[in-house]
Structures are given as structure tokens and as C-alpha cells.
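Protein chains in written order, with my numbering: chain A, 225 to 611; chain B, 885 to 1169; chain C, 414 to 832. First comes the structure, then the notes that go with it.
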């Protein structure tokens, strides 16, 4: 059965609750501030929000349900999306069908996490049953160890060098310099990247995101609703998701996008060439490269060549993570996967916080996450277009 | 009439657990109260876990050494008090053997601890010094002729007196030396069979006492009969005292031994506090 | 770079004793099956009885056909080290203290991925390896990738060595060195390179053949110890307790009576006083100080070994009261294991079948040679196991017990069974 196209679904009101390294506030606070920002930005009363999709690690023991009472919202559509960096894309897919079918009119998609000095250790230790049983006891390196495995494998198999990854990180830092909300304020040189403190070979400090507290959010609705409210928006052209793809690959060298990207572009009505900027899920540079390959921008294993052949600044040949990405802005937990969506909406509506891509017509946002054991289980992507 | 009354009174007193001391005993006690006074000599080793206990082949039932388990010591187990649960075999440490302890004495009247006649708990002692012989020969055996020689000097051993064999063995503080075991068994001094029989039957002693771990010599299993001191003494309703010390502080005659074992129901023996009352001016050897 | 075990330097007495930290100990119920096998020195994974798929990480239903019929089966562990890293940061104190730390991902030939420690004799990935399961200091199973060929001791890797309780360069207390078992164990520990072996002697007046010769061995120090005497245990603990790295409890009173064969409880009481209360006294006096020293670098307290008996598992009626006393000791040793766990001191239980000593004289062969028992004990210390069943009889008995303990009980009460 052919998948139904996304007609008339728009994403609007991009909101960021500014990131801080540590906060004494709980996730409820950040989510609440995001929702406040959304209704203020949309100039609607809170009661107009009748759907909510939430992603947060530190909301526990609450889920989206607890939030309804905490924030005082009465809803006819509710989804808690525990898929890490893929939660944003998955929220879009859920919300889109909801508003298309009339199950909900205005869905708030919010993601937030708080961060305390011991959050990282605590979250890592109890991340999943498989991680508890089969990963954490082996060095407690958290996701750093898991992505070190992938990075080492990819470098060995495809000849990528640290300089290749460094080029991406330096470019993203350049993109972040004009973003007032980025936690990293100074340029990054390739030398600094190469010589930074080792974390887990071959990863060094600037290969890793900085966990922080913050929130991202946007609204999903039908275009007609947005027009009535006088809102600027991005149109949803296509969206894919996949979970536990390629379970028998000995080491993860490709993500679920490899299975679904053709369908994505078919839905969107354009190929990879029709995309003007890309917001990848950049928890580690190697994942960026997997997304280049698996989303069709180059062939499998051609990542290094692709990096050599392009520049990734906002003004470059392949604008990548135009607000700096998680690597330079910070990772507010589950909001990391919403960061790119919110930035894409800003770029496509012309209302960026920092540097602007020249005349963008379409942007691609990708999500990835949940190293349940030895690979990221969730992947997703969406193509958005200017109004 | 008076005699019958006296006898009735005595029987009543016996039942009540008291008795009039025998006349010769009363005499002895009164000499102690003479001017010059009395020395008290402790003949008891301290009852402690390290003190050796009798070694038997492992197939046989074992007599337990002294053990103490603390109940509390001014702590959360008992805030204001200190006390212990102790355990021991009846024949542990300085102890008293009753006739029922041996097969030859099992049918004797008043042969277990709770039925022993009270007047036997104070008795005179004859101390026979074998210290130099025992020093020269760990297997030294006291013989009847040794007794006869002793009596020439100190007089006949009276009936009802303890015969104590002084060997200075108690001065062996190292338990290994005290036990003196090798692959042929134990080597400690004691009486030979005829001597034991003589003292029990011909001298009617109250009992035999030693400083070693048994009244019998270490090699007595090989004698005929085996363990003759136990055999003859208990067979004649006599007693034993073992692991005594300080016999070298006693005169050959003249000391009064106080040896009162615990009143254990059907007890065969018990550790006890045994001490001597020695007149200050007395016949020292 | 592999380094053989060398004698560590003396600790500076004014520096603070390190407190024990442990690797992460949380495991799901299913994952504890891995630990149960590793406790015996086995590497097992779940296998689906319906479709034969091997499972990892451990789980509740088959990842292939969803069957619930998963059974733990022994694995040979062969596979390929596909990728690896060296950690320079870690979330947990235990690993922070031990950085850098090498860890790798292995694709087993049976078709599952495992994350494992990598023995430093393993070359650079990709390469073939052999996975084994070991117990870490938290008492949980972890997987270790060894070179594919040859046997490589955990001790040869300076990081993984900590998972063993190798007696080399260590100070050991053997609670009863006079018995035949005690003498054999002491000699085996000397041969294994222990620095000092305090050998407990009760009843010094009893001369045992072979024991006098032990006095001449330079590493051996005879000390008074009677496990039936609390004061004796306390005094020795006060003198040397703070130096004991490994305690081997060989104290055993073994008599050969059932219930009716011996009137009175004196013999059974002695068996209990040595085999059960003896363990309790030793544990009360020595476990606390061993716990406090458990992380004291390479000279910390690491292990407690009990020589139990396969009779502890199922009563052997001709030695009925002895069996009961060893069963009591087994139960108590589990409590001891739980109390020592937070410090990472491993409790190892040996379950030999009848030993070729004076008390099993009338038991028909096969019997375990003293040297074999001692060798198994030393090997257990050099490995990372908790439960050891040395010898054919012990292995047989254990297999029957696991198969159906009630059937074993009936077999043993038959009377004719030659153990």
C-alpha cells in the first residue's frame, strides 16, 4: 500500500528555552516554559492546544500524562515519545496524521531535559535493560564508548580520518558563532579539535556533545489553521521512521534511513539535490557521515570523499546544522532531536536567530537515537519546505 | 535412748545437707585455729580455653575443653553487665573424679557428685614428693615401696586422707610440654597398678591426686589393668583430683584439703576450686 | 603490554587506606543466569529450544521466534573482535580509578554481539578471539575477550588481574594447617607463590606427621588458632587480621555417623562447633578487617575460601551429622558472601566429594586425592569462580542434584550407592 502523502500539514512557532549547563529546575519547568513560548508565539489561549507530544528523559517518574495535570491542559490527543534524538521526527509523524484526520487541531511538540551535575552518570547507568546488563559494567563509558566503537569501525572500514570529522565540527562551530543561544561561543580550530582531551579512542572532547538543560518546541497544525492564526510556517513534505533496522549488522555502519530514504524523497517530490540545507542528528560526527550516506547524499563508504568535496558552513556548498548543531549548541537531552526541526522552521520562515541560508526552499531534518545496547535503534527524517 | 536420738538427728541432718564433721577432722580444724594461724594455698589451675584437655583417639567421644562465649559486656547486648556462657567437659582443668566415673565404681553407693558425702570435702593430705624422679623420667611410676619409704619418715598414711603425688608437673606452662605426647602416646608420671591398689585397699585413702592431666600415668592404657588408679580407686569408692598445682608449697603432712565439686545431678566429676589450709607452723619436709 | 605478577611495593603506612569501589552491580533477572554460570567458571548463553537462536543480551523470550523456551547452554566463545576503544573517561569511580580501559565489541560465531573486556594479549581489531565469562569484583559476570588460541590467564593482564584472587605474592591464612587437607593446601599455596602463609594450629600437643616438616618451610608461620575457641580466633585476628589477603578455611571435623549410629549429640556437636560455628567465629573476627582492606591496592584483602563438601548439597546418610554440619556451613557462607560483597571480597566454596583421607577410609573409590583438592583450590583463586566442584564424584553429584534433587536424595538413602 502506498503511503499517504502529507497534505496540508505545517510546522510553526519555533521555540527554544535557552540552554544552560546545569539547572536546579526540573524537566517540568523547561517543558512548561516551552509550552508558554508556543502559545505566546501563536497568540492563542492555552486551551486551544488540544494535542501534545512530549519527549524527555528527566521527566521521570512522570510521562506526558503527568504533564497534562502539571501544566493544566485538557487534551484529546496525547503522545509520550521516548525515542531520544528521533523523538522530534517521530512526533512530527504522529502529530501530522492527528491533525490531518481531525483527531487534534493544534499539537504542541515539545522536548526538554534538565541537567544536574550527576545527571549524565545517573541517566547512563539506567538507560536500558540491555545497557545495564551488557554495556555499563564494561567501563561505564556511556554513549561515548558505544560511539567510539562505531567511529573506530567506520574509520577502519572506509578510511575516514579524524581530520575529516574535524572539518565537520569546525564548520558547525562556525555556524554557532552567530547563534546567541549556543553554549559554545568561541571558534574551534582543527588543531584544537585534533589535540583535545581523549575521551574514548578515537573520540576526543569535541567529538562529544555537551549535555545541558533546555527545551525546544513547535506546533503542528493544518495549513488552514495556521493561515487563520496568521502564522508563518514550514510545510511538511515527507517523513520516515524506522526502528531496529539491520539488526544483524555486526557493527552499526548504516542506519534505518538506508531502508527508507527513497520513500522520503518520493513523498517530498524531490531528490537529495533538491534540499538546500540539512540538519542532521549530530551527537557524534560519525553519525553525521552515516546520515550523509544513508540519506542519499553520497554512497556508502563515500563519506570521506563527500566531506573533502564540500564546505558545511551556512554559506557553504552543503549547509549543515546551521545553528551549530548539538555539538556546538549543546544537547538538552531529548530536545537534541528537536533542535534541528526548530532550526529548519526558522530557516524556512526567514526568522533565524543567527546566520541565514540564502533563499532556502527545502530543508531536511534527520533524527537518530537510543543506543539501547550496541547500536542506535531509532532513525527518522523529514523534508520541510518554505511556505 | 540418747544414742538413738543422736543417730536420728544425724540422719535428719544428712537429709538436710549438713553434717557434723568427723572427730578427727574437728581436731585438725582446731589446730588450725591455734596461734600462728593458717596459710591458704590455691591448688587450682585457672580454667581457661588454652588449658589442655585429655587426648583420646578420635573415634571415641571427646571431652570438651573449657570454652567461654560472651553474652554481653556493658554493651548493646546488655548495657550494665558482663557475663558469659561457659562450657566444659566434667573432666576439664583442675577437676574432681567421682567413683561413678569408672566402670569399676558404677555400683558403689553415693558415687556421683550430687550424692557424695559432704564430710569428704574437707580432708587431710599426704604429699608424696616425686619431683626429682619425674624430672628425670617422664614415665616415672610411683610404687608401693616408694609409699613405704615415705611412711617411714612421715608416718602411716591415715584412712580418709588424700594421697597427693607431687611431681612439679604443673610448672610445665607450655601445653605441649604438659601433655608430653609423642607417636607412642602420652608420657606423664603416675602410680603403678600395685601402688594404686595398695593406697585404695590397704590405706583406705580418700582419693589420689596428681598434677598431671590424669591420675593415671600417661602410658596407663598399657598397664594391667588399664588405668589402674581409676580402676582401683573408683572401684573402692575413692576419688581423684587432677591438674593440681602448688603441691610444692604444701608440707608432707598437716595440710587440710578443701575440695568440693559442683553438685551436678549424676555428675562423674567437675572442675572445682581446690585449696589447702596449712598451719603456719607445720611439719615441712 | 602483558606483565607477569610481581611482588607489589610496601604500602606507605601513613597514606590512607583506599576504600573499595566496585564495578556496576545491577543486573536484570535474566542476566543473572550469566553470573550463575560464571560462578562455576562457565560461559553460557541462552539458546532457544524451538529455533536454536542464541540470545545476547539475556532476555525473556527468543529474539527470533518469541518462544519462551530459553535454556542456558555452554558456549565455546569463538568470534571476531570487530571494533574496540580505549576509555579515557568513565562515569563510575571504579573505572575512573583504573583508566585507561580497553573494551571491545565481539561478533560471536553463533551470531550475537557482545561487548567485552579485552585481554591485553589480544591484537588489534579485527582479529579472532575467544570469549570467556569471569566474575568481576562486584561478583557479577563480565565477558572477557582472549586471544583465539592458547590459554591466557586473567592474571597476565594487569587490569584484569583484579578479577582473580591469585595467591602469588599474597599473605594467606589457612585456618587448620595440621589436617591432611590443610597440609596439602598449604604446600600448594607455597608452590603458587604466596609470600606468607599463616598456618593455624589447634591443640599444639598433638603431633601430626607431615606437619612438623611444614615448620621448615620459610613462607610458613605456624600460629595458634582453634576455631572452637572464640578467644583464640579473636587474638589471632588482632595480631594478623589486618594483613590477611586470602583466608582459606580448612578447619573441618569429619566423623562418620548417621543418627542412630552414635548415641548422644557430643560428636555432632563437635562437628557443628568446628564446621559451622568455627566459620561463624572466623567470619565475625576477620571479615570486618578484610572488608576494610579490600581495596588496599595490590595488597588488599581479596578472597575467603571455604572447604565445604559435596555432602553440603545433599546429605550422605552414613555421614549424616557431618553432612548436616557442612550444609549449615554452606548456608552461612552465603550470608558471608552477601556481607563481603560490598567490599568486593570473593567467597569461594569448594565442594569436594570424598577425599582420600582418614575419614573417608571406608568410602569406595573414586576419591579425590589431597593434591588434587589443593590444586583445584589454588586454581579457583587464580581464576574468577565462586563454586568449585573438584573431581569426578563432585561433578557427578552436582549434576544429579541440579537434575532432580529429590531423585538424588533417594539414591543416597539407598545405602548401597558407593557415593
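Note that beta-carbon positions come from the ideal geometry of N, C-alpha and C, so glycine has one too.
Rounded C-alpha distance that separates residue i from residue j
i: residue 476 (chain A); j: residue 599 (chain A); result: 6 angstroms
i: residue 832 (chain C); j: residue 732 (chain C); result: With a pLDDT of only 48 at residue 832 (chain C), under 50, the local geometry of the prediction cannot be trusted, and the value read off the model is given with reservation. Cα-Cα distance, rounded: 11 angstroms.
i: residue 334 (chain A); j: residue 344 (chain A); result: 21 angstroms
i: residue 469 (chain C); j: residue 528 (chain C); result: 10 angstroms
i: residue 422 (chain A); j: residue 567 (chain A); result: 30 angstroms
i: residue 1043 (chain B); j: residue 925 (chain B); result: 23 angstroms
i: residue 1018 (chain B); j: residue 690 (chain C); result: 40 angstroms
i: residue 414 (chain C); j: residue 358 (chain A); result: Interpretation of residue 414 (chain C) is limited by its pLDDT of 46, a score under 50 that renders its predicted location unreliable; no figure is taken from the coordinates.
i: residue 833 (chain C); j: residue 472 (chain C); result: The structure shown has nothing for residue 833 (chain C), since chain C only spans 414 to 832.
i: residue 517 (chain C); j: residue 582 (chain A); result: 45 angstroms
i: residue 496 (chain A); j: residue 521 (chain A); result: 6 angstroms
i: residue 297 (chain A); j: residue 236 (chain A); result: 20 angstroms
i: residue 233 (chain A); j: residue 496 (chain C); result: 43 angstroms
i: residue 229 (chain A); j: residue 526 (chain A); result: 31 angstroms
i: residue 796 (chain C); j: residue 667 (chain C); result: 28 angstroms
i: residue 533 (chain A); j: residue 482 (chain C); result: 53 angstroms
i: residue 504 (chain A); j: residue 563 (chain A); result: 10 angstroms
i: residue 786 (chain C); j: residue 773 (chain C); result: 14 angstroms
i: residue 461 (chain A); j: residue 498 (chain C); result: 40 angstroms
i: residue 645 (chain C); j: residue 676 (chain C); result: 30 angstroms
i: residue 730 (chain C); j: residue 669 (chain C); result: 9 angstroms
i: residue 539 (chain A); j: residue 396 (chain A); result: 12 angstroms
i: residue 303 (chain A); j: residue 608 (chain A); result: 22 angstroms
DSSP bridge partner residues for residue i (one or two, in chain order)
i: residue 584 (chain C); result: C:609
i: residue 761 (chain C); result: C:718
i: residue 662 (chain C); result: C:719
i: residue 592 (chain A); result: A:603
i: residue 1066 (chain B); result: B:1069
i: residue 609 (chain A); result: A:459 and A:586
_For the structure I just gave you, are there three or more beta carbon pairs, one from the stretch 586 to 598 of chain C and one from the stretch 623 to 637 of chain C, closer than 8 angstroms?_
The answer is yes - the stretch 623 to 637 of chain C touches the stretch 586 to 598 of chain C, with three or more Cβ pairs under 8 angstroms.
*Looking at chain B, which residues of the stretch 597 to 620 of chain C have a Cβ within less than 7 angstroms of any of its Cβ atoms?*
When C-beta distances to chain B are compared with 7 angstroms, the residues of the stretch 597 to 620 of chain C below that value are 617, 618, 619 and 620, in chain order.
*Could you name the residues of the stretch 1039 to 1066 of chain B whose beta carbon sits closer than 8 angstroms to any beta carbon of chain C, in the order they occur along the chain?*
Listed by position, the residues of the stretch 1039 to 1066 of chain B near chain C (Cβ gap below 8 angstroms) are 1059, 1060, 1062, 1063, 1064, 1065 and 1066.
*Could you name the residues of the stretch 970 to 982 of chain B whose beta carbon sits closer than 7 angstroms to any beta carbon of chain C, in the order they occur along the chain?*
So the list is empty, because no residue satisfies the distance condition.
*Three or more beta-carbon pairs under 8 angstroms between the stretch 950 to 959 of chain B and the stretch 992 to 1005 of chain B, yes or no?*
Contact between the stretch 950 to 959 of chain B and the stretch 992 to 1005 of chain B is absent, because fewer than three Cβ pairs lie under 8 angstroms.
*For the stretch 435 to 467 of chain C, enumerate the residues whose C-beta is nearer than 7 angstroms to any C-beta of chain A, in chain order.*
For the stretch 435 to 467 of chain C, residues whose beta-carbon sits nearer than 7 angstroms to a beta-carbon of chain A comprise 436, 437, 439, 440, 441 and 444.
*asked:* Short of 7 angstroms Cβ to Cβ, which residues in the stretch 928 to 951 of chain B face chain C?
replied: 933, 936, 939, 945, 946 and 951: these are the residues of the stretch 928 to 951 of chain B whose beta carbon lies less than 7 angstroms from some beta carbon of chain C, given in chain order.
*Quick one: which residues of the stretch 951 to 963 of chain B get their C-beta closer than 9 angstroms to a C-beta of chain C? List them in chain order.*
Contact annotation: in the stretch 951 to 963 of chain B, residues whose CB is within less than 9 angstroms of a CB in chain C are 951, 952, 953 and 954.
*Any contact of the stretch 969 to 981 of chain B with the stretch 1101 to 1111 of chain B, i.e. 3+ C-beta pairs under 8 angstroms?*
No: the two stretches stay apart, fewer than three of their Cβ pairs being nearer than 8 angstroms.
*Mind pulling the beta strand (DSSP E) runs of 3 or more residues that sit fully within the stretch 321 to 368 of chain A?*
For the stretch 321 to 368 of chain A, whole beta strand (DSSP E) runs of length 3 or above, ordered along the chain, are 330 to 337.
_beta strand (DSSP E) runs wholly inside the stretch 947 to 1033 of chain B, at least 3 long, in chain order_ = Assignment of beta strand (DSSP E) within the stretch 947 to 1033 of chain B, counting only whole runs of 3 or more residues, yields 951 to 959, 962 to 971, 979 to 981 and 1006 to 1013 in chain order.
*asked:* List, from N- to C-terminal side, the alpha helix (DSSP H) runs of 4 residues or more that fit wholly inside the stretch 436 to 490 of chain C.
replied: As far as the stretch 436 to 490 of chain C is concerned, its whole alpha helix (DSSP H) runs of at least 4 residues are 445 to 451.
_Taking contact to mean 3 or more Cβ pairs, one atom from each stretch, closer than 8 angstroms, check whether the stretch 683 to 700 of chain C and the stretch 735 to 747 of chain C are in contact._
With a cut-off of 8 angstroms on Cβ pairs, the stretch 683 to 700 of chain C is in contact with the stretch 735 to 747 of chain C, counting three or more such pairs.
*Given 8 angstroms, three or more beta-carbon pairs between the stretch 1068 to 1084 of chain B and the stretch 633 to 647 of chain C*: By the criterion of at least three beta-carbon pairs nearer than 8 angstroms, the stretch 1068 to 1084 of chain B is not in contact with the stretch 633 to 647 of chain C.
*Going along the chain, which residues of the stretch 345 to 363 of chain A sit with their C-beta nearer than 7 angstroms to a C-beta in chain C?*
Within the stretch 345 to 363 of chain A, the residues whose Cβ lies closer than 7 angstroms to some Cβ of chain C are 345, 348, 349, 353, 354, 356, 357, 358, 359, 360, 361, 362 and 363, listed in chain order.
*Quick one: which residues of the stretch 626 to 659 of chain C get their C-beta closer than 9 angstroms to a C-beta of chain B? List them in chain order.*
Per Cβ criterion, the list reads 637, 639, 641, 642, 643, 644 and 645.
*Going along the stretch 522 to 556 of chain C in order, which residues come within less than 9 angstroms of chain A, judged by CB to CB distance?*
Listed in chain order, the positions of the stretch 522 to 556 of chain C with a beta carbon within less than 9 angstroms of a beta carbon of chain A are 524, 526, 527, 528, 529, 530, 538, 539, 549, 551, 553, 554, 555 and 556.
*What residues from the stretch 490 to 512 of chain C come within 7 angstroms of chain A, judged by C-beta to C-beta, listed N to C?*
Here the close residues are 495, 496, 497, 498, 499, 500, 501, 502, 503, 504, 505 and 508.
_Three Cβ pairs or more, each shorter than 8 angstroms: is that satisfied between the stretch 546 to 561 of chain C and the stretch 757 to 774 of chain C?_
Proximity of the stretch 546 to 561 of chain C to the stretch 757 to 774 of chain C meets the contact definition, three or more beta-carbon pairs being nearer than 8 angstroms.
*How do the stretch 534 to 554 of chain A and the stretch 426 to 446 of chain A stand: do at least 3 beta-carbon pairs fall below 8 angstroms, yes or no?*
Contact holds: three or more Cβ-Cβ distances are below 8 angstroms.
_Just to confirm the assignment: which complete beta strand (DSSP E) runs, minimum length 3, are found wholly within the stretch 408 to 466 of chain A?_
Those beta strand (DSSP E) runs which fall completely within the stretch 408 to 466 of chain A and span 3+ residues are 422 to 424 and 437 to 446.
*Sequence ranges, beta strand (DSSP E) only - wholly within the stretch 466 to 546 of chain A, length at least 3*: Listed in chain order, they are 501 to 503.
_Inside the stretch 486 to 572 of chain C only - alpha helix (DSSP H) runs reaching at least 4 residues_ = List check, alpha helix (DSSP H) in window: 506 to 509.
*Does the stretch 1020 to 1034 of chain B come close enough to the stretch 1062 to 1076 of chain B to have 3 or more Cβ pairs within less than 8 angstroms?*
For the pair of segments examined, the stretch 1020 to 1034 of chain B was found to touch the stretch 1062 to 1076 of chain B: the number of CB pairs separated by less than 8 angstroms reaches three.
*asked:* At a CB distance below 9 angstroms, what residues from the stretch 692 to 724 of chain C approach chain A? Give them in sequence order.
replied: Taking a C-beta cut-off of 9 angstroms against chain A, none of the residues of the stretch 692 to 724 of chain C qualify.
_Any C-beta of chain B within less than 9 angstroms: which residues of the stretch 674 to 686 of chain C qualify?_
Answer in chain order: 675, 677, 679, 680, 682, 683 and 686.
*Positions along the stretch 422 to 433 of chain A whose CB lies within less than 7 angstroms of some CB in chain C*: Within the stretch 422 to 433 of chain A, the residues whose Cβ lies closer than 7 angstroms to some Cβ of chain C are 422, 423, 424 and 425, listed in chain order.
*When the Cβ atoms of the stretch 1058 to 1072 of chain B are set against those of the stretch 1099 to 1106 of chain B, are three or more pairs found closer than 8 angstroms?*
Flag = yes, the stretch 1058 to 1072 of chain B and the stretch 1099 to 1106 of chain B touch.
*Segment contact, 8 angstroms Cβ cut-off, at least three pairs: the stretch 505 to 522 of chain C with the stretch 378 to 396 of chain A*: They do not touch, by the three-pair rule.
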